[in-house]
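In my numbering, the protein residues as written are 92 to 765.
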Ligand code: 9MJ
């Protein structure tokens, strides 16, 4: 017998689920992530399975979709549109497969059609004599809404089926969805227009489909994947689900290219792993995969229960969004002193890992989302990206909360914080006095793509700085075994290992060294470009901004950052110290700058060239190391003369500057390239 508290719990879950259902299906504006809905739903389902007397007709477990909203005509589906049971684990899949084999009374491995589970809105398309005559949403599974006018605007939905042997009447089932890129663009323009944003591509797709004005639907980037059929009359269909998918493709309907035939549980699980890895590369959201018994004869024997077929199951991916509570909003200080607001969270399992911190990106984002301590928030972790707070669930905000204020002082070193002009970033002015910046610079210095000091991670750096053993990068090379062994969790062997790694890192390359210095704006690619160009550190340190700009991808802003960095006495000291400690690299290569064939040559161009514009000529000369100036002087190496030259020709002749016509220039440029 169900206890009073079970009864109350079931009632509470029903009410809560009904509210979320309404928000999701009718308003297209959910306030909780799908995974949280699924959890509530599973909880109710379990409770009702244990105590069937708790089931009431209005329980959300007793029906498929949601009530149709007004504004659209009702359409009765030829055959009900089913939904899918969810599976969340390997065990769930093993149980599913076992039940299938038991019902079919077979020990043999079952063949399944495995498909990505698209996250959009289910659609039922009627084609009569090949022509699209009606399109309806799933609605409650039996009766949906007539959205024909809207669906006709979606370009991947064929208005007429192509090819032969098209049945007289057929219901094609599929999913209308929005690509992530389409969703991003849609929300971006909504943001610019000050309109309400959609929570995710799924809601955007469903909402777009249920617009009363088809012109609005037409403006939305919607697409279709077909994944099955309902009624088929006046025509033959293949005997397998995989055959049906091929047939649909031949008739011109888009079908997910990832659909595949697999065998048994092992085939299903391998497909799941493959798709989970591929998930981020797909241009659209998938929330899992679907396995369907491939032979239609077997499907018929298995039949359906209540709302879902016994021959199919949705194997859900770990949710990328979850709900949790914010314990505090704090500011983290990075290597360059930028303060990033971070939400400290009650740990939550999301996107396959436990997350306890999520970035709020910057001050503007923090204010826009208005995240406060005590708030319930949606946390998202997709792929390997850092977890972020998507939104606050305002319904669940406690009565008393306080908006987060931007700090005036660095939370780590107490130095003044400034807001960078024209940016939304806050910056600590403490420089290397600030332990946070020091730790971050050291972490960057030792990181894999920089000096690559194996085993010197954030935790150890934290210890070394806090113990006062390391302040500057050079200090790392003065560490002794005795000092290291005094640190907590550091034995003799690990100390020796670390010292070995530090020693090894002394032999490096100039590009790694430059990257390790953490010059603002200078990333890995620029470091490589600079190293290739200058080869010698002294040459780079002595370069003017104009010379720096000769390096690919170095613009005026970066050139200014680089010269400013080397002008700073403190940085010069750090570099000298590191070299004294034995950090070295090969400087024997020929610098690109010197090896360029037109290095040191100064060109002036006059008149009109026939085969290239002046800008092109200038770019080609500069690419080979030459320089192009505007007026002829004694230093000019060549005057390039086109049609109708001006007074420069006379001046050049007077100064004895060598004259080139266009042909001579072209031949010079091409011969130098060989
Ligand atoms: C999705 N959403 O991608 C089904 N689905 O089959 C696929 N949904 C489905 N199949 C029967 N690929 C009911 C729903």
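Positions of the beta carbon are idealized from the N, C-alpha and C atoms, including for glycine.
Subject >> Environment of residue 637 [buried if 16+ CB atoms lie within 10 Å] >> reply: Counted from its first residue, the chain shown places residue 637 at position 546. Classification for residue 637: exposed.
**OP:** May I ask you to list the residues that DSSP assigns as paired with residue 432?
**Re:** As a position in the chain shown, residue 432 is number 341, starting the count at 1. Residue 432 pairs with 422.
Original post:
Is the beta carbon of residue 724 sitting closer than 9 angstroms to the one on residue 746?
Top reply: Here residue 724 corresponds to residue number 633 of the chain shown, with the count starting at 1. Here residue 746 corresponds to residue number 655 of the chain shown, with the count starting at 1. Going by C-beta atoms, residue 724 is nearer than 9 angstroms to residue 746.
Original post:
For residue 463, which three-state DSSP category applies?
Top reply: Numbered from 1 along the chain shown, position 372 holds the residue referred to as residue 463. It is coil, neither helix nor strand.
Original post:
What residues match up with residue 482 in a beta bridge as DSSP calls it?
Top reply: Taking the chain shown and counting its residues from 1, the one referred to as residue 482 is at position 391. Paired residue(s): 469.
Original post:
How close, in whole Å, do the beta carbons of residue 437 and residue 418 come, if the pair is a contact with beta carbons under 8 angstroms?
Top reply: As a first step, residue 437 must be located in the chain shown, where it is residue number 346. As a first step, residue 418 must be located in the chain shown, where it is residue number 327. Indeed, because the Cβ distance is near 6 angstroms, the residues count as touching under 8 angstroms.
Original post:
Any chance the CB of residue 264 is under 8 angstroms from a heavy atom of the ligand 9MJ?
Top reply: Taking the chain shown and counting its residues from 1, the one referred to as residue 264 is at position 173. Checking every heavy atom of the ligand 9MJ against the Cβ of residue 264, one is found closer than 8 angstroms.
Original post:
Could you give the distance in angstroms between the alpha-carbon of residue 688 and the alpha-carbon of residue 605?
Top reply: Residue numbering aside, residue 688 sits at position 597 when the chain shown is read from its first letter. Residue numbering aside, residue 605 sits at position 514 when the chain shown is read from its first letter. Roughly 27 angstroms separates the two Cα atoms.
Original post:
Any heavy atom of the ligand 9MJ within a distance shorter than 8 angstroms of the CB on residue 381?
Top reply: As a working mapping, residue 381 is identified with position 290 in the chain shown. Residue 381: yes, Cβ under 8 angstroms from the ligand 9MJ.
Subject >> Straight-line gap, residue 680 to residue 710 (C-alpha atoms, nearest Å) >> reply: Along the chain shown, one-based indexing puts residue 680 at 589. Along the chain shown, one-based indexing puts residue 710 at 619. Each residue's alpha carbon lies about 26 angstroms from the other.
Original post:
Can you pull the DSSP bridge partners for residue 266?
Top reply: Numbered from its first residue, the chain shown carries residue 266 at position 175. DSSP, once it has assigned bridges, lists 213, 316 as partnering residue 266.
**OP:** Indicate, with yes or no, if the ligand 9MJ has a heavy atom lying under 8 angstroms from the CB of residue 207.
**Re:** Taking the chain shown and counting its residues from 1, one reaches residue 207 at position 116. Within the cutoff, so yes.
Original post:
Any Cβ of chain B within less than 9 angstroms of the Cβ of residue 123?
Top reply: No chain B appears in this structure, which consists of one protein chain only.
Original post:
Is the CB-CB distance between residue 313 and residue 300 below 9 angstroms?
Top reply: Here residue 313 refers to the residue found at position 222 when the chain shown is read from its first residue. Here residue 300 refers to the residue found at position 209 when the chain shown is read from its first residue. A contact, by the Cβ cut-off of 9 angstroms.
Subject >> In chain order, each alpha helix (DSSP H) run of at least 4 residues that lies wholly inside the stretch 697-735 >> reply: 705-714
**OP:** Check whether the Cβ atoms of residue 607 and residue 538 lie closer than 9 angstroms to each other.
**Re:** Here residue 607 is taken as the residue at index 516 of the chain shown, counted from 1. Here residue 538 is taken as the residue at index 447 of the chain shown, counted from 1. In this structure, residue 538 lies closer than 9 angstroms to residue 607 by Cβ.
**OP:** For residue 55, count neighbouring C-beta atoms within 10 Å of its own C-beta (all shown protein chains included) and say buried if the count is 16 or more, exposed if not.
**Re:** Residue 55 lies beyond the range of the chain shown here (92 to 765); nothing can be said about it.
**OP:** Check whether the Cβ atoms of residue 470 and residue 413 lie closer than 9 angstroms to each other.
**Re:** For the purposes of this step, residue 470 is taken as residue 379 along the chain shown, with counting starting at 1. For the purposes of this step, residue 413 is taken as residue 322 along the chain shown, with counting starting at 1. Cβ distance < 9 angstroms, so residue 470 and residue 413 count as in contact.
Original post:
Would residue 220 be called buried (16 or more neighbouring beta carbons within 10 Å of its own) or exposed?
Top reply: By one-based count along the chain shown, residue 220 stands at place 129. Looking at its Cβ environment, which holds fewer than 16 other Cβ atoms inside 10 Å, residue 220 is exposed.
**OP:** Assuming residue 345 and residue 317 form a contact by the criterion Cβ under 8 angstroms, report the distance between their Cβ atoms to the nearest whole angstrom.
**Re:** Position 254 of the chain shown, counted from the start, is the residue given in the question as residue 345. Position 226 of the chain shown, counted from the start, is the residue given in the question as residue 317. With a Cβ gap of about 7 angstroms, residue 345 and residue 317 count as contacting.
**OP:** Report yes or no: do the stretch 257-274 and the stretch 206-224 share at least 3 C-beta pairs separated by less than 8 angstroms?
**Re:** yes
Subject >> Beta carbon of residue 350 nearer than 9 angstroms to that of residue 174 >> reply: Residue numbering aside, residue 350 sits at position 259 when the chain shown is read from its first letter. Residue numbering aside, residue 174 sits at position 83 when the chain shown is read from its first letter. Result no, Cβ atoms of residue 350 and residue 174 do not sit closer than 9 angstroms.
Subject >> Identity of the residue in 521, 284, 253, 326 nearest residue 259 by Cα >> reply: Within the chain shown, numbered from 1, the residue matching residue 259 stands at position 168. Of the candidates 521, 284, 253, 326, the one whose C-alpha sits nearest the C-alpha of residue 259 is 326.
Original post:
For the candidate residues 127, 99, 97, whose alpha-carbon lies nearest to that of residue 111?
Top reply: Indexing the chain shown from 1 puts residue 111 at position 20. Residue 111 has its Cα closest to that of 127, out of 127, 99, 97.
**OP:** Indicate the three-state DSSP secondary structure (helix, strand or coil) for residue 656 in the structure shown.
**Re:** Along the chain shown, one-based indexing puts residue 656 at 565. In the structure shown, residue 656 sits in a helix (DSSP, three-state: H, G or I).
**OP:** Give the straight-line distance between the Cα atoms of residue 467 and residue 572, rounded to the nearest whole angstrom.
**Re:** Against the chain shown, residue 467 aligns to sequence position 376. Against the chain shown, residue 572 aligns to sequence position 481. Rounded to the nearest angstrom, the two C-alpha atoms are 48 angstroms apart.
Subject >> DSSP three-state assignment for residue 694, whether helix, strand or coil >> reply: Here residue 694 corresponds to residue number 603 of the chain shown, with the count starting at 1. The answer is strand: DSSP assigns residue 694 an E or B state.
Original post:
Over what stretch of residues does the beta strand (DSSP E) that includes residue 407 continue unbroken?
Top reply: For the purposes of this step, residue 407 is identified with residue 316 of the chain shown, where counting begins at 1. Element bounds for residue 407: 403-407.
Subject >> Length at least 4, wholly inside the stretch 630-656: the alpha helix (DSSP H) runs in chain order >> reply: 636-639
Original post:
Any idea if residue 296 is buried or exposed, counting beta-carbon neighbours within 10 angstroms, 16 or more meaning buried?
Top reply: By 1-based counting over the chain shown, the position of residue 296 is 205. With 16 or more other Cβ atoms within 10 Å, it is buried.
Subject >> beta-carbon residue 318 near the ligand 9MJ non-hydrogen atom, thresh 8 angstroms >> reply: Working through the chain shown from its first residue, we reach residue 318 at position 227. Yes, the ligand 9MJ has a heavy atom inside 8 angstroms of this Cβ.
**OP:** For residue 255, name the three-state secondary structure that DSSP assigns.
**Re:** Position 164 of the chain shown holds residue 255. Note: residue 255 maps to coil in three-state DSSP.
Original post:
Which value, in whole angstroms, describes the spacing of the CA atoms of residue 649 and residue 448?
Top reply: Counting from 1 along the chain shown, the entry for residue 649 is found at position 558. Counting from 1 along the chain shown, the entry for residue 448 is found at position 357. Distance between the alpha carbons of residue 649 and residue 448 is about 32 angstroms.
Subject >> Check whether residue 399 and residue 378 have beta carbons under 9 angstroms apart >> reply: On the chain shown, position 308 is the one that residue 399 refers to. On the chain shown, position 287 is the one that residue 378 refers to. For residue 399 and residue 378, no; Cβs fall outside 9 angstroms.
Subject >> Presumed contact (8 angstroms Cβ cut-off) between residue 726 and residue 693, rounded CB distance >> reply: By one-based count along the chain shown, residue 726 stands at place 635. By one-based count along the chain shown, residue 693 stands at place 602. Sure, about 6 angstroms apart at Cβ, within 8 angstroms.
Original post:
Does the beta-carbon distance from residue 599 to residue 535 come in below 9 angstroms?
Top reply: To locate residue 599, count along the chain shown from 1; it is residue 508. To locate residue 535, count along the chain shown from 1; it is residue 444. In this structure, residue 535 does not lie closer than 9 angstroms to residue 599 by Cβ.
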